[in-house]
Every structure is written in C-alpha cells, then in structure tokens.
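There are 6 protein chains.
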Amino acid sequence: MRLLLLNPNTTASVTERMAAVARTVAAAGTEVVPLTAPRGVPYISTRAEAQVGGAVALEMLAENLAGADAVIVAAFGDPGLGALRELAPVPVVGLAEAGMLTACMLSRRFAIVSFARALGPWYRECVEYHGLAPRLAAIRLVDRPFGSIETVQDEFEALIAETAEQAATEDGADAVVLAGAPLAGLAERIADRVPVPLVDCVAAATRQAETLALLGVRKARLGNFRRPDPKPSSGLAPALADLVGGAA
Amino acid sequence: MRLLLLNPNTTASVTERMAAVARTVAAAGTEVVPLTAPRGVPYISTRAEAQVGGAVALEMLAENLAGADAVIVAAFGDPGLGALRELAPVPVVGLAEAGMLTACMLSRRFAIVSFARALGPWYRECVEYHGLAPRLAAIRLVDRPFGSIETVQDEFEALIAETAEQAATEDGADAVVLAGAPLAGLAERIADRVPVPLVDCVAAATRQAETLALLGVRKARLGNFRRPDPKPSSGLAPALADLVGGAA
Amino acid sequence: MRLLLLNPNTTASVTERMAAVARTVAAAGTEVVPLTAPRGVPYISTRAEAQVGGAVALEMLAENLAGADAVIVAAFGDPGLGALRELAPVPVVGLAEAGMLTACMLSRRFAIVSFARALGPWYRECVEYHGLAPRLAAIRLVDRPFGSIETVQDEFEALIAETAEQAATEDGADAVVLAGAPLAGLAERIADRVPVPLVDCVAAATRQAETLALLGVRKARLGNFRRPDPKPSSGLAPALADLVGGAA
Amino acid sequence: MRLLLLNPNTTASVTERMAAVARTVAAAGTEVVPLTAPRGVPYISTRAEAQVGGAVALEMLAENLAGADAVIVAAFGDPGLGALRELAPVPVVGLAEAGMLTACMLSRRFAIVSFARALGPWYRECVEYHGLAPRLAAIRLVDRPFGSIETVQDEFEALIAETAEQAATEDGADAVVLAGAPLAGLAERIADRVPVPLVDCVAAATRQAETLALLGVRKARLGNFRRPDPKPSSGLAPALADLVGGAA
Amino acid sequence: MRLLLLNPNTTASVTERMAAVARTVAAAGTEVVPLTAPRGVPYISTRAEAQVGGAVALEMLAENLAGADAVIVAAFGDPGLGALRELAPVPVVGLAEAGMLTACMLSRRFAIVSFARALGPWYRECVEYHGLAPRLAAIRLVDRPFGSIETVQDEFEALIAETAEQAATEDGADAVVLAGAPLAGLAERIADRVPVPLVDCVAAATRQAETLALLGVRKARLGNFRRPDPKPSSGLAPALADLVGGAA
Amino acid sequence: MRLLLLNPNTTASVTERMAAVARTVAAAGTEVVPLTAPRGVPYISTRAEAQVGGAVALEMLAENLAGADAVIVAAFGDPGLGALRELAPVPVVGLAEAGMLTACMLSRRFAIVSFARALGPWYRECVEYHGLAPRLAAIRLVDRPFGSIETVQDEFEALIAETAEQAATEDGADAVVLAGAPLAGLAERIADRVPVPLVDCVAAATRQAETLALLGVRKARLGNFRRPDPKPSSGLAPALADLVGGAA
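Chains as they are written, first to last, in the numbering used here: chain A, 1 to 248; chain B, 249 to 496; chain C, 497 to 744; chain D, 745 to 992; chain E, 993 to 1240; chain F, 1241 to 1488.
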C-alpha cells in the first residue's frame, strides 16, 4: 500500500520527522511517501496561510496521485481537506480529523494542545468543521517564542507536558491530542507525565488512512464527495488543471 | 468610500453585472471597484475550486488594498473569507454571509436557492461555517443544464422563481436568498412571483460592507481577526508575500 | 424613506439621543421619526417590563404606521419584535438583532456589554431567541448604581470601555456590541480604548432597517411573518384593535 | 392550596372548561380559581396576540396574587411566562411547558397537535424558548375552518385523533401533547384511538403547579427569576404598577 | 394507586428513607411500595455499577409488576430507565429525570449537587441522555470522604448547602437539584440557606410518577417505548425471561 | 497483540463470523479472541436486552482480561461501552462507535443500515450517546421477517444493498455503515451496488482497537475513564466482583 504524506508546509525536515513516525505504525507492506510543499510558508498557523497551503496541497495531490492508495494531508487544521476529498479517487485523511476521531474513542471530551498561540482561531474552525465542538474540552496553546519549528518539540517538551496536564486537571479533558506536524513523535516521550491518554496525530492519521485503504472503500459516485463534473480553468498548475478538468 | 468588489471567478461579465447591482444600492459617495480573478475557473461551484479561488482572492486583496474602505468577496460560499478578514485592515463581507444575515431579519428560517446542483455541498459547508444551520430551511438547486454562466439568470428566470416558491411552500422558508454571483439582480424581477421576501446577495453585501465602513469599526488588535504575526514565505505572489510578511 | 424609531421606553431624551445617532448614519433622503412610549417604564430591564413594553410598541406601531418604510424597535432585547414583524407591512428590525448580526460580520464570537446587572436574564433570552447563542462569547454588565438613565453613558464611560476590553481579553470576544438605548453614540467615543471592533446598536439598526427598505423586500404572504388573519378583540387601543382586526 | 388558573384569552366558557378538567386531577384540598382576561382576543393564536395577552396576564396576576400558592398561565404558548415567573412570589407554570415536560417522561420525541394552522409560528417559538426543540418530533395542526372556539374540540374530535395518529406513524412521535386551552379534556376521549400516549396540557399543568407548591420551593433570591428591583412606571394598571414598583 | 419505588442499590435503609419522603408528598390513596436490589452495590456511582444495577432493576420490575400503576427507578442517574420504560406496561420515571424536569419549571438553567466526586461522569451522561445539557448550569460535587451512605446527608448537611449556594452564585444556576437517593429529604432542611429553589428528587419523582398514572396515559403501541416483540433468552432471572419472552 | 472480540449476544456462529472478518484486516501479529455471551439473548435489539447484555459483557471482560491488549464490544449499539471503558485497563472500542467514526472520514453525513425495525430506538440512542447525531443522515432498517440471525445477511443481501442505495439517494448520506454483528462481511459483497462508500463495522472496529493498542495509549488516571475507586458488592459474578472491588 502506498500512502502519500502530503505536507502543505515548506519545511522538509518536518516532513521527514512525520514520515519517520508514520513508519513506526504503518504495516510492513505500507510505503509512506513524504511530500513537502514547493511554495508557501514554513509552517501554517493562520487561515490565510491555510487557504494558500490548501491550494498548494491540491497541486501536490494532482502531481502525485498515480499509484497512491490513500492520502494524508499532514498539517493539523487539515488545509484543503474537503477539496482534496472531492478530487481524490482514494481516501484522504487530515491530521486533525484523525487525531480527534481517535481521541473520541478514549474520551467523552478531548483537548488539543499545541505550541503557538497563533494557531487558536484556525484550530477552532477546524474542530467546528468536523462537528466535534461538543466533544472538545479546550484548546490549550503554549504562548512563548521558540527558536525553530524543527526543534520546537524539544524546546517545549516540558511545557507541552505541563500544558497537557492542565488540560486534564483544569479543563476536564479525558484525552489530549498533540497537535501540529512539528510535534510528531512527542506523545510517546511525555505520555507518562500526563494523567490521560495522549494521541500523536501523525501516528493516528497514518493508521486511519491505512484503515480506509484496507477496508477497500469505493470512491463515492454520489453525495458530498463524489468527483465534481469537469470544469475548464485558466492559470492553474497543469496537473491540477487536468484534474479539475476531468482527467482520471 | 471605496468598496472592492472582489470576484474570485474569472468571468468578467459577471463581475460587471454585480457591480451594476451594487451601484443601485450604494450611497452616492460610494465607489464600487470591480475586480475579476486573473486565474481560476469561470464560476466556482466546488470546494476544490473555492480552495483555489480563495487563495487567488488573497492575491487580489493584496494587490488592490490601497485606499479601500471595505471589501466584498463576491462569490456565494465566501471563498477565503476568514483568511481575507484576518489580513485586511478594513472590513470584509461575503456574499453568502451578507445574504444570510440580511435574511435573518426577515425570517425565522430562510432558504438558499441557486442554479446548479453542484453547488450544494459547498453552500452547506458555508452555512455551517457561519453557524446558521439552525436558521436554514433548505438549499434548493435547479438541476438542469444551462447555456452560459452569463445568461443563466435569464434562462432560468421562471425556474428560479418556481424553486423559490417551493422553498416557501414545501420547506417552510420565510425568506429566500438568491445565491450566486450570476443571479445578481434577479431578485427584483421575480419578487412578485414568490410569496416570501427575496434577498439579492450582491445588493445585501454592498449595503453590509458599506455599513461596516460607515460605522467606523476599527481593525481588531486581538482575537480571531487580529492581523497575524508576519511570516516568511516562498513562491507566493509578491504582493501577497508582502502582506503575509507583515507589510502595512 | 421614512424610518420609525420606536422607543418602547418612556424616556423621551433617550429617544432623542438615539435619533441623533441614527441621523449620523442614515442616508440623505432618510427621515428618522422618533417615537417615545406613552406609558410603561423609563427603561426596560426585565422580562416583565419587556412584556408590557412590547405590547405598548404594538400600539405605537398601529398608530404611526402610515407612510413608514421600515421600523426600528429601539430597545435592546427587542421587545415585541416577532409580534411587530407579523403585523407590520414593512420591515422591522430590533436593536439587539441588528447589533448582533452586524457583529457577526466582524467576529466568530461577540460579546454584549451594558450598564446594569438587571439586564442579564432578558438579554440572554433575546440572544437565544435569535439563535445566536453559539456566536455569543459573553454578556458583561457593569454592576454599580448610576445617577440617571439619561447620563449613564457619561457616568460609566470608563467602566464600559474597561468592561468591553475584559470581554475581549478574558472572554475571547472578537467584537463587542454596546447594548441598550442609553448607550447610543458611546461606541465611537471609546473605540480606541478597546482592542476589538465595537458596534453601536442604534447605528447598526438604522442601517439595517434602511437596507431592508432599500432592497425593496415584499411583505411575506406565507410563513412565519405573513400577516395573521383578522381577529376580533376587546379592550385594545383602537388603532391596535383595527390592525389586529385586519385593517390595512 | 389555591391555584390560579389564569386564562389570558377572553372566552370565559373556555376558562370554565379548563377549570373543570383541572378539578378532576387536583388534590382534594386544592382550590382551582379560574380567571378570564378582561380584554384581548377570544383565543390567542399569534405572537402579536400573545404579546398583548401576556401583558394582560401580568395585570391579572397582580390583581389576584393574594393567597395564591401557584399560578397556571392557561394558554398553550405560555404568554408572559418569564415575566410572570419573575414577578410572582409563588411558582408559575405554563400549559405548553407543563404539557411538554410531562410528555418528555413518556417519549424520546413528542408531537404537538392542535386545531388551527395559525398557531404554528407561535408554538414553535414556545418550544424553542423552553429549549425542547431537540425533543420535538413535529407540530401538526388541523387546517380547516371551525365554527366556534367553544365547540372546536367536538367539531374536530375525529380530525384531532387522526392528526395525533399521523404524528405517531409519520413523524415518529412517541407521545402527543394536545395543545391549546380549547382542547382541554379531549385527550381522555380519544386516547384509545391513538397508538402513543396523549397528554392533556391542562391536566398536566394543574398537577405540575400543585407539585411545585407541594414541594415547598422558595422564591429565588438570585438568578433568572429573582424578583426584579422596584421600578417606577406610568400608565400601567394600578395593581401591576404596584407590583413592578416593588409591592409585596 | 400503587407506586413501585424500585431502588437498584442494595442498601435497604436508604430505600426506607426514600419511601418516607415519597409518602409525605403522595396522595392519600397512593401506596408507596419500597423495593431494594437483592444484589449489586450499596450505592451506584459509576457507569459500570449502573450497568449492573439497571439489569437488576429489570429483574425487580419483572418480579413486582403485578398491580403496579407506576414505577420510580430510585437512583439518580436513572439506571435502566429506557429499558424499564420499554418493558413496563405502566409509566416509569427516574429520579434524575423527574428532578431535572421539575427544576426546568423553576429555572432557565439548573445545577445538580451531590455528595461524591465519583458520580460526575455518570451524572453528566444522564443529563445528556435526557437532552437537558443546554439547561444544565453545573454539576457540583462534594469531594471529601464520608462515614456511611446512610448518614452522609447528616454528615454533609452544611457542605451541601454551601455547595448549592456556590452553584447559584458562581455557576448561575437558578435552581438546584439535590441528587442521589442518600440525600432524600435534605432539601427541605437546607432550603432557607440557599438563594434559589431546591428540588428533592425523590419528592419530585413521586409526584411525577403519580401524575403520569393519574393522567391515565396508555402504554405506547408504537414508537420508542412500545413493548418490544417477544425474544427467547437463556440464563436470565425467570421473571425477566418471561417478560422479555412476551409474558403480559 | 491480543484483541478480545467480546460478543454480548449468545449466538456463537455470529461470533465466529465476526472473528473471520476481523482476521482479514488484523495485522499478522494480532490474535483475535472470540468470546460469546454465556447468557442473554441470541441477538440484542432493544434497550432492555442491551442493558442485560452490557452487564454480561462486564462479566466476560472480567473473566478474560488477562493478557488482552484491546477489547471490541461486538454488538452495534455498544452495550456497556462506557462501563467497560471505565473498568478495563486497556482500550475498548464499540462496533457502532468504530463504524461511525470511520464513516466520518468518508462523509459529511453517514447513514446506518440494518436488518430489523426493532433496532431503531436503541441505535438512535447510541448515535446520540456518541454525540454524532449532527453527522447522521438517517437510520434505515429493513422491515421484514427473516429466517435466522445466522443467515439474515444472505437472505437480505439484495434488500440491504437497496436500502443502502436509498440512504444515499433519498437521505443524502455520503457513506453507509452496515450495522449489526450479523451483517459482518457483507459490505465487501455489495459495495459495487451502492453509490457511496460502505463501512463494515466489524472490520472498522478491529482496526480501531488495534490502532489504539498500537498507539500505546495509557489508561487514564483522571477524568471520565479513570478506574473507579474499589466498591464492595454482593451477588455479582466472582470475577466482576473482584474487578469492581479493585482487583488489578
């Protein structure tokens, strides 16, 4: 099985880190294909950046679709998820979606914990998009400058563990999703310091994408995620123009 | 006052039609500035197209911001609305948002009526984004091929009137929003054939954008729509890169 | 255009203050007609007072309907709004409704700030009536005695600014509606002290009523706000009895 | 115990019919005191009529409070309920409220069945006011002219039974509330013809009011239904002015 | 009338205390029949205990159904309520359900106050089951060891009063339900110390069960609570096997 | 890894069928341990049966916990899920929960399709328990007698395919969950006849349970699913009494 790990951020080292985590939970026969956005921002944290990143994700999908069995849109906040799900002939899963749905099986209400205050508005809209606001205990964000997106999980390890604990003790969260590509792999390291289950969103998304492919679900021919009718376009990246234009 | 009428579709004649409607309700001193997307699709009807269109809208905003007092994102479905509202120093209003909020003052529950079945999933997500699902009676869409997006309102005049009437009689809608840029100006022509109030979303958006500017509301310095911190980027359109990068 | 500014409170000086604010945003050709309740309480702050005030508003409507193009029920809490909207042949807008819907275009969640603790239960029911509870961040009320309803906005200027700021910083409000007829005009004075946009509900309602009239919406002949069938009555004010009885 | 059966409609014979039903379920020691509105409409069916009827109900309360242990506002739709509950030192229960809460103990979702289409918008707002929309299966209304409000339950007996049955078979209602003062006493007569439990709202309200009095609940000194602070007024009915003004 | 007071806990003295309270509000002709679970736990406080207790309650119902007019499942949390309501030919009411619905007539939002932290998750699920989460201000639980379930209401009298007061002053509860069989009868003793109405859930349930019986409601023949079709079983208590198997 | 497939129904052949499906998607190293209820009913379809079945499931858990890495409660409707999740030191997943959450990644709204009308009320409560009612398009149930629970999926193959198709075309479901242990394995056979993705709830639950175990989530020490404090009991099955009593 071939899983596209499609990172709409431009930081290749974060993509690699995610791929490494993905491979620890993927089945033996699963190939994880890491892809990094060719343009955009180093890490998406606002709706404007997600708007652009989601559009770039569509181009990445169009260019790498051949042979894929499932796709992970590998930024918490799930930029372009609905759009990708429409166009892709195979299942698509978002980091936020997979992390939250997995947390639902461990909790009545879960929290989302991440490393930057700027992420708040976008993450909240993402929770609402998935209809999971009633299951959300809180979004807790570390609000402190960090050195680099590539090392933020090391810099903030203690702070994130503490914040996750506060989500449990003060917000009543029964489980905590560690959110954001740059935190991939951190959950396992701090799990013993937090009194409720932690979910690593990259590991969760890898398993969920693999599950959908393994279940053999067919592409919808009707409803919300059927393939839209072909549409002419101008000025789009060629592969995306072809896909929007009806190419198989 | 200078209102940007920012059409994320590529069909200039539809932009012109909207501008004409906008000018019928704008105040004497209001200048309506029509802008058409330089790339994308002739008319957005899916989430994939809206993802791209919203990203293009951000570029259009960045390039035309100087001197603007308010911005209308002139496609029902409001592509990029949250992103635009974050980045713009002046108020931004969506066609769907303005149409629906205006309809709220005429109804307990309103319907959305438009000209193509393909619009359904995207419009529904838009209603949910605005938290207005409890006020929605139905989305009713004509499901029939049309000749051209430029003439669809003439081709479908009778059908749209009939569909709006069904929304009132069968779905219990107390008001109907005629949705979609290509229907601008139709409401007035068919109003007498429909037993509940009709809202023209372009006229509504023009007035709402003008209202926000007239009220003199300040740009948020806190919360959901504060200006995000500057972010480096690569490969974006220059003006957008500047705006995301923190340019005034 | 002729806008009735129908104040269901008995304090004429507050009506005058509202009319002055309304005139600053109304179009050149719009005549604002201030009307003060002939009986009731100086300012409505409870549901019992609103029940009576709403009934008086119906009498005021019946007596002043001739020639009106739109009606503002000029007390936050919108006493009698549904009843007025049923009976009036022209659009009716409430101060709370207009203020909140306008705030929706500036926020994901807005706060309501006002000058007396007693207003809380009534305002909350009003928010729920409009289905806007999911968009409400908080209702924050100054809880301190004031000298006079006519001067409360001057007495409390600093307190209201501070309370609005707390709504932004502590409740996560992205915008604040200054609520209550006695606060008309205050928003502009304190806007620079508050980190999120402020909405003056009288200015908002004036524009919204004018917008509905300008859009030329027809009176519903079906649904929630169609004119009810004529009903005999006894003991009502003559003009209201006529209106309930089916007079044009 | 002394229960005020406060009918905000002006039809005395309907009040008498309700009193007769109330007496069949009231305890031996309970005195049911029927009161008919001195002005208003023969039967309230719209929000405008309820606005006025609720204000009249406040006057009736103020004039008849002495010695009462609990109050029933005896019109489905509960005109003035919140206002009455604020001002009254004893429990107040509405016909709709009591009928619906009683139905909750017999169903997951209940229907409301009544005798006139005009009642729809008002009843729906009433259900929403009580936060019971998620428990509502449907409102079904006979839509046919009737001879007289006093005899409508006889005229429509078969039709109401049929409508209640449709609510069970077509809308999935597990219980049906027969709504409206004029239908008092009908439930028992048609119960065997309907496949789900029927609730007589007058019998339910009588028991619920008696229950609150019997439980000895104290008047709130805090929160939503504490007695509001005294307020001066002008032009109100003397007893109501006294009550609003702070009279015990 | 014969009311089964079916306690799914194994502590007979608590059953007796509840029966005593029930008799203070039951009508003269009402016989209260106390029944204590023959197996299970002394007092249910978790979902696992409620799962077992609810199954035992079904056995108790099956064995004691003859001659009953209504049934009270006498543990807050209502273990087995839906199951009991399906199988019983007569009305069934839960302590939580009756307490909360009664509180709805005294409040916009009520609180639940009880004596042990362990009860929180179960009680919250119970509130959600009844669709009453929007009416819930808070669940407040004393978190301190107590000597015995039989005397906890005496041990904690002052603490419970204080906790109820905090629910009013800090959580905005307009009424408080004292939750749990072991607190039966406490409300009356502490009512004067709490600024909002208190509801004794045993007294409320007694009256509500009696009300449903008195209203003469018929067993549903359709919908959620119709009697299920007979089903063979193995290993169940004989009376329950008979009831599940279709015995009258 | 060792997965308990805990069937609270008494039909061993259905357990075997589920185990066979589970093994097709489980990883090479995963051992699926099928367990059939020693008492109860052949297939649970009502809340009463689920109440008993859930209690039996607790006994089965207590007796088979040693060495397990995760648990599947293998009846759609998830009898005893919350109770099991409290007591088990390892993750527990329900068939309904897993099926629905998996469907969420394929749809905006999903449908549940099954083989007997009697299942409706129980399934609906299950959807609500998981907070997924807003994501539910419909529950569609074949309403026709079948020969045997062991062969119902063969008997009804065409009918189920047709019903699933109706859920897509008439209810707007974007995905369909085939519900109920007896339908395990059917999805793959009929997938090509249904225009939207189908989810096999046994396959989904197997993967979800395996995922939670693989993610290495720790047992909650706080919140909703922490292990309850030990409690004495009487008359329970010995292993369950030990588990409730605090045994490791």
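Positions of the beta carbon are idealized from the N, C-alpha and C atoms, including for glycine.
Report, in whole angstroms, the separation of the C-beta atoms of residue i and residue j, which I expect to be a contact under 8 Å.
i	j	result
Ala451 (chain B)	Val273 (chain B)	5 Å
Leu446 (chain B)	Ala416 (chain B)	Not a contact, Cβ separation roughly 10 Å.
Ile149 (chain A)	Thr11 (chain A)	6 Å
Ala819 (chain D)	Gly797 (chain D)	7 Å
Gln608 (chain C)	Tyr619 (chain C)	Note that residue 608 (chain C) is Ile in the sequence shown, not Gln. Contact flag correct, Cβ pair sits at about 6 Å.
Ser1037 (chain E)	Ala1108 (chain E)	6 Å
Met762 (chain D)	Asn751 (chain D)	7 Å
Phe969 (chain D)	Glu830 (chain D)	6 Å
Ala1302 (chain F)	Leu1418 (chain F)	Contact doesn't hold; Cβ gap of about 30 Å is too wide.
Ala48 (chain A)	Pro476 (chain B)	7 Å
Per DSSP, residue i is paired with what?
i	result
Gly1334 (chain F)	F:Val1313
Thr532 (chain C)	C:Asn503
Asp696 (chain C)	C:Leu674
Ile1182 (chain E)	BP columns for Ile1182 (chain E) are empty, so no partner.
Phe1102 (chain E)	E:Leu1128 and E:Ala1167
Leu885 (chain D)	D:Ser858
Arg1039 (chain E)	Note: Arg1039 (chain E) sits in no beta bridge, so no partner.
Glu1023 (chain E)	E:Arg994
Ser1474 (chain F)	E:Gly1032
Identify the contact partners of residue i in chain B, using a Cβ-Cβ distance below 8 Å as the criterion.
i	result
Leu602 (chain C)	Pro339, Leu460, Val465, Ala468 and Phe473
Smallest Cα separation from residue i: which of the options?
i	options	result
Leu598 (chain C)	C:Asp696, C:Leu583, C:Ile656 and C:Ile686	The residue asked about is misnamed: residue 598 (chain C) is Thr in this sequence, not Leu. Among C:Asp696, C:Leu583, C:Ile656 and C:Ile686, the Cα nearest to that of Thr598 (chain C) belongs to C:Asp696.
Ala1090 (chain E)	E:Gly1227, E:Ala1212 and E:Thr1203	E:Thr1203
Val740 (chain C)	D:Leu980, D:Gly784 and D:Leu885	D:Gly784
Val1168 (chain E)	E:Gln1043, E:Arg1100, E:Ala1110 and E:Leu1214	E:Arg1100
Arg50 (chain A)	B:Leu329, B:Cys374, B:Leu384 and B:Ala385	First, the amino acid is wrong: residue 50 (chain A) is Ala here, not Arg. Here the closest residue by C-alpha is B:Leu329.
Ala1267 (chain F)	F:Leu1346, F:Gly1360 and F:Ala1449	F:Ala1449
Mind pulling the chain E residues with CB within less than 7 Å of residue i?
i	result
Pro1385 (chain F)	What Pro1385 (chain F) touches in chain E: nothing, since even the nearest Cβ is about 10 Å away.
Gly1320 (chain F)	Gln1043
For residue i, go through chain B and note every residue whose CB falls closer than 7 Å to its CB, in chain order.
i	result
Asp670 (chain C)	Ala468, Gly471, Asn472 and Phe473
Thr10 (chain A)	Ser482
Give the residues of chain D in contact with residue i, contact being defined as C-beta atoms less than 7 Å apart.
i	result
Ala594 (chain C)	Within chain D, no residue comes near Ala594 (chain C); the closest Cβ sits about 19 Å away, beyond 7 Å.
Taking Cβ-Cβ distances shorter than 9 Å, what residues in chain E pair up with residue i?
i	result
Val1484 (chain F)	Val1033, Thr1038, Ala1040, Glu1041 and Val1044
Run through chain A and tell me which residues come within less than 7 Å of residue i, C-beta to C-beta.
i	result
Ala303 (chain B)	Gln51, Val52 and Ala55
In chain F, which residues lie less than 8 Å from residue i when you measure between Cβ atoms?
i	result
Thr168 (chain A)	Before going on, a small fix: residue 168 (chain A) reads as Ala here, not Thr. Those within 8 Å of Ala168 (chain A) in chain F are Leu1462 and Gly1463.
Kindly list, in the order they appear in chain A, the residues whose Cβ is closer than 8 Å to that of residue i.
i	result
Ala1401 (chain F)	Chain A residues near Ala1401 (chain F): none, gap ~13 Å exceeds 8 Å.
Glu1428 (chain F)	Gly216
Taking residue i as the query, report the chain A residues whose CB atoms sit under 9 Å from its CB, ordered along the chain.
i	result
Ala1431 (chain F)	Gly216, Val217 and Arg218
List, in chain order, every chain C residue whose beta-carbon is nearer than 9 Å to that of residue i.
i	result
Glu403 (chain B)	Here the premise fails: no neighbours, minimum Cβ distance about 24 Å.
Q: Determine which residues of the stretch 1259-1281 of chain F have a Cβ less than 7 Å from any Cβ of chain A, and write them out in chain order.
A: Per Cβ criterion, the list reads Val1265 and Ala1267.
Q.
Along the stretch 1187-1221 of chain E, where does the CB come closer than 7 Å to a CB of chain F? Name the residues.
A. Taking 7 Å as the Cβ-Cβ cut-off against chain F, the residues of the stretch 1187-1221 of chain E that qualify are Asn1216, Pro1220 and Asp1221.
Q. When Cβ atoms are compared, which residues of the stretch 605-634 of chain C fall closer than 7 Å to chain D?
A. For chain D, the residues of the stretch 605-634 of chain C that bring a beta carbon within less than 7 Å of one of its beta carbons are Ala614, Pro617 and Glu621, in chain order.
Q.
Using a Cβ-Cβ cutoff of 7 Å, what residues of the stretch 307-337 of chain B are near chain A? List them in chain order.
A. Cβ contacts with chain A come from Gly328, Gly330, Ala331, Glu334 and Leu335.
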